[in-house]
Amino acid sequence: MTTSTEPATKPPGRPRRAKVRPGDRNFSWATRAAGVLILIVLAGVAAFLVREAIPAFRADPAEIDGGEGFFAYVWPLVFGTLVAAFIALIIATPLALGIALFISHYAPRRMAQGLGYVVDLLAAIPSVVYGLWGIQWLAPNVRGTWEWLADNLGFIPLFAGPASATGRTMMTAGVVLAVMILPIITAIAREVFLQTPTLHQEAALALGATRWEMIRMAVLPFGRPGLISGVMLGLGRALGETMAVAMVLSTGGFTWSMVSSGNNTIAAEIALDFPESAGIETNTLIAAGLVLFVITLAVNMLARWIVARREAFSGAN
Amino acid sequence: MSKRIDVSDLNVYYGDFLAVEGVTMAVEARSVTAFIGPSGCGKSTFIRTLNRLHEVVPGTRVEGKVLLDGQDLYGPAVDPVVVRRQIGMVFQRPNPFPTMSLRDNVLAGIKLNNSRMRKSEADDVVERSLRGANLWNEAKDRLDTPGSGLSGGQQQRLCIARAIAVEPDVLLMDEPCSALDPISTLAIEDLIAELKENYTIVIVTHNMQQAARVSDRTAFFNIAGTGQPGKLIEMDDTTKIFTNPGEKATEDYVSGRFG
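Chains A and B supply the protein sequences, listed in that same order.
Going by the working numbering, the first sequence opens with residue 2, and the numbers climb by one from there.
Going by the working numbering, the second sequence opens with residue 46, and the numbers climb by one from there.
Here is the structure:
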């Protein structure tokens, strides 16, 4: 919104103008510069990706890894990226919701603080450490579960056997990602739940709601946009997470089975292949990065659209 | 539908702090009882003990008896959730659920009691409650819009509609007009006069003229000083309290000498 400092009808003689104080002016410029800087960086990254990716799009299909052109190369990676992130979300979202509600509405105050601190601490663990934990501890321990899934639910293509003997599968990578995004979603959900106005919670209680009914009537609807933002931030991290996936997953070609080795994500593929790439291979990897960039952008826009759709009911007004 | 309340020797605590001490009073059915008194004297704290809402704040407790037509609300086998379904409450600031439409706001309490209800039945409840709260004419064409789109006075009447939709025995109002303009206040006061035909109403108010206008009986609360517990000084017919009170403190307060 712009406002004019000039009065609509100038009084005759001397034009009057509100005095501009230097502090206001400097601060306004500083914030504007910071805002513009973000846009420049974003545009710079996008321009770099597009410029470096174009050769991969134009190249002779035979030159691309796999020999069938860029899109044949990239779609299994897109699939792997989305599936790994999706598995992570399915596991992490209900868990984060439960932890956040426990901290905000059920736990005694002292315990809630401690628990919140521990969850925040999870976010401070470097992803390479998660990767080590995934390989050394998680993969051997979940192997049996994946074998069970392959034996009993093998008729579903996602669980088709034989299960990986090392346990380093998409499912395992998804579980590691779930643990990694848990603190983000929990922290945001907890904050929005704590901000539910006491007024609305008491309104529900005064109608004779039990604590769970009060949460369903007042807390969850109020926290819904925040929860969606939290989930999308988690999804963003899961989509882009590189190190943990690169370490945990035993990569390979496309397969529907999530319990055998195979598949790869875009970020892990770039990390694993980039050091030894040259020429058109580098362009191909950068083009894959561009695809990841577009996917993440699309996810964020989708999240904003979901949040904005019911804005009138959001409780913000 | 409406029931009387008898309170005896009620002490209300926040942790170790005694906030209200030794209240004994009788609230008659189908009448309006007003609580007046200076800020911090425990009126709001006390009214919240009548539907057991006080205890939702951690560390609080209540000693004494509150009888609703002879049934002790603080009895060992009594579920506070059931108490709150019998005793409705309207708060100081209008608090319709912002994420619900007008219609869902009115039905919120009903849905807690029995989840299944035919649409025609629900429509009847919505219309009856909104008519009861004098909001039907303003709301009938926008039942699916959010409650937060109404004006403050309309929102407060929506909250009253929500409270009476479940047909409670008693309606508690904690300064229901203090966030409203004079015209909306008048609308609520008229509504209170109508609701008294069917409900037992208890209202906390800072506005002595309001207490004089709407109530049949008035209770005056006072506090000896900061950190001291609030006490019920006297309770009598409203006309008597405002013309010829028994206590000096009451006379000083209603005549505007303090508070």
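In this text, a Cβ means the ideal position worked out from N, Cα and C, and glycines have one as well.
Because the structure is a prediction, the values reported are computed rather than measured.
Check, Outcome
"Contact test: ASN150 (chain B) Cβ vs the ligand SAH heavy atom, cutoff 7 Å", "No copy of the ligand SAH appears in this structure; indeed no ligand is present at all."
"Partner residues on chain B for GLY115 (chain A), Cβ-Cβ distance less than 9 Å", "Per Cβ cutoff of 9 Å: no residues; GLY115 (chain A) is ~17 Å from chain B at best."
"Supposed contact pair SER260 (chain B) and ILE268 (chain B) - C-beta distance, whole angstroms, cut 8 Å", "Actually they are not in contact, since the Cβ atoms of ILE268 (chain B) and SER260 (chain B) sit about 21 Å apart, beyond 8 Å."
"Interface positions of the region 203-214 of chain A facing chain B (Cβ-Cβ less than 7 Å), listed along the chain", "GLU203, ALA204, LEU206, ALA207, LEU208, GLY209, ALA210, THR211, GLU214"
"Under 8 Å by beta carbon: chain B residues contacting HIS201 (chain A)", "ASN140, PHE142, PRO143"
"Residue span of the alpha helix (DSSP H) that contains ARG17 (chain A), given as start and end", "Taken as a continuous stretch (DSSP letters only), ARG17 (chain A) belongs to no alpha helix (DSSP H), as it is neither H nor E."
"DSSP three-state assignment for SER251 (chain A), whether helix, strand or coil", "coil"
"Within-8 Å CB hit, PRO319 (chain A) to chain B", "Given a span of 2 to 318 for chain A in the structure shown, any question on residue 319 (chain A) remains unanswerable."
"Test: MET172 (chain A) CB closer than 8 Å to a CB of chain B", "no"
"Candidates A:LEU298, A:GLY235, A:ILE281, A:ARG305, of which the one nearest ALA85 (chain A) by Cα", "A:GLY235"
"Residues near MET205 (chain B) by beta carbon distance below 6 Å, same chain, minus five either side", "First, the amino acid is wrong: residue 205 (chain B) is Ile here, not Met. VAL135, ALA178."
"Neighbouring residues, chain A, relative to PHE136 (chain B) (Cβ below 8 Å)", "LEU200, GLU203, ALA204, ALA207"
"Option nearest PHE287 (chain B) by Cα separation, candidates B:GLY198, B:GLY270, B:LEU277, B:THR263", "B:THR263"
"Through-space distance from ILE307 (chain A) to ARG93 (chain B), alpha-carbon basis", "39 Å"
"Chain-ordered neighbours of ARG129 (chain B) on chain A, where CB pairs are closer than 9 Å", "LEU206, ALA207, LEU208, GLY209, ALA210"
"Where GLY224 (chain A) sits in the DSSP three-state scheme", "helix"
"Assigned exposure category for TYR118 (chain A) - 16 Cβ within 10 Å defines buried", "exposed"
"Neighbour list for ALA219 (chain A) in chain B, Cβ cutoff strictly below 9 Å", "PHE142, THR144"
"Cβ-based burial, SER196 (chain B) [other Cβ within 10 Å; buried from 16]", "exposed"
"Near-chain A residues of the region 90-121 of chain B (beta-carbon distance less than 8 Å), N- to C-terminal order", "ASN96, LEU98, VAL101, PRO103"
"Element boundaries [beta strand (DSSP E), containing GLU148 (chain A)]", "Run containing GLU148 (chain A): none in the beta strand (DSSP E); it sits in the alpha helix (DSSP H), 140-153."
"Under 8 Å (Cβ pairs) to chain A, residues found in the region 186-213 of chain B", "THR190, PRO191, SER193, GLY194, CYS204, ARG207, ALA208, VAL211"
"Beta-ladder partner(s) of THR245 (chain B), from DSSP", "B:VAL215"
"Beta-carbon gap between PRO139 (chain B) and ALA224 (chain B) smaller than 8 Å", "yes"
"Range of the contiguous alpha helix (DSSP H) that encloses LEU293 (chain A)", "281-310"
"Own chain partners of THR173 (chain A) with C-beta closer than 8 Å, once the 5 adjacent residues on each side are dropped", "GLY135, LEU139, ALA140, VAL143, TRP147, VAL249, LEU250"
"Selection from A:ALA247, A:SER258, A:ILE100 that minimises the alpha carbon distance to ALA1 (chain A)", "An answer regarding residue 1 (chain A) cannot be provided, because it is not within the stretch 2 to 318 covered by chain A."
"Listed by chain order, chain A residues near LEU157 (chain B) by CB distance under 9 Å", "ALA205, LEU208, GLY209, ALA210, THR211, GLU214, MET218"
"Residue nearest to PHE275 (chain A) in terms of C-alpha spacing, selected from A:ASP66, A:ARG111, A:ILE296", "A:ASP66"
"Inter-residue spacing [alpha-carbon to alpha-carbon] between PRO8 (chain A) and CYS222 (chain B)", "Summary for PRO8 (chain A): the model assigns pLDDT 49, below 50, so the residue's position carries little reliability; its value from the coordinates is reported in the next sentence. Each residue's Cα considered, the two are about 41 Å apart."
"Start and end residues, alpha helix (DSSP H) containing LYS164 (chain B)", "164-177"
"Buried or exposed by the 16-neighbour rule on C-beta atoms within 10 Å, applied to GLY291 (chain B)", "exposed"
"Contacts of VAL215 (chain B) in chain A (Cβ-Cβ under 8 Å)", "Simply none; closest approach about 12 Å."
"Per-residue DSSP class, three states only, for LEU96 (chain A)", "helix"
"VAL102 (chain B), DSSP secondary structure in three states", "coil"
"MET302 (chain A) burial status per 10 Å Cβ neighbour count (16 or more: buried)", "exposed"
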